[in-house]
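Going by our numbering, the letters in the sequence shown line up with residues 1254 to 1357, in that order. Just so you know, even glycine gets a beta-carbon here, dropped at the ideal spot from N, CA and C. Heads up, the thing below is written out as structure tokens.
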Amino acid sequence: MGLSWAVAGVLWSLTIIGIPAGKQCFKIASLCFFPFGKYILAPNSTTGNFFLNLLWICFTGLPLALAATSLGILYYLTIIGIPFGKQYFKLARLSLTPFGSKII
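The structure is reproduced here in structure tokens:
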């Protein structure tokens, strides 16, 4: 998943308009590589964040959220993988609304 986010970040950063989305992708890629002990605060509800998140969902967010959700379900099927499944569900939620969310 981290590599998928890094590739998405590179693709978004090819244009000047996509650089803020690329920065978010790289932040989430680092979260994918080291997910434990980090929390995600809900996004601020501003008009700019809403439109950026809407644009994000249309192009990148939905496929990455579906991939994270499917991996989370697969990990939940095993007892040992439940902690990893929780982290993938956290990433799936962040995949849909990355703008305005804070990673602590």
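What are the uninterrupted segments assigned as alpha helix (DSSP H) that are 4 or more residues long and contained completely in the segment 1259–1324, given in chain order? 1272–1286, 1300–1309
Mark phenylalanine 1352 as exposed unless 16 or more other C-beta atoms lie within 10 angstroms of its C-beta, in which case mark it buried. buried
The alpha helix (DSSP H) enclosing isoleucine 1332, as first and last residue numbers: Looking at the DSSP string, isoleucine 1332 is not in any alpha helix (DSSP H), and its letter there is neither H nor E.
Rounded straight-line distance, which links the Cα of phenylalanine 1304 to that of leucine 1267: 20 Å
Among the candidates Cys1285, Ser1257, Gly1271, whose CA atom is the shortest distance from the CA of phenylalanine 1337? Cys1285
Could you pull the DSSP bridge partners for isoleucine 1356 from this structure? Ile1293
Check proline 1336 in the structure and name its three-state DSSP category. helix
For a test of your reading of the model: does the CB of leucine 1319 fall under 7 Å from any non-hydrogen atom of the ligand FAD? Yes or no. Absence of the ligand FAD is noted for the structure shown, with no ligands found whatsoever.
Given this structure, state the Cα-to-Cα distance separating isoleucine 1357 from phenylalanine 1279, to the nearest angstrom. 15 Å
Cβ pair alanine 1321, alanine 1282 closer than 8 Å: no
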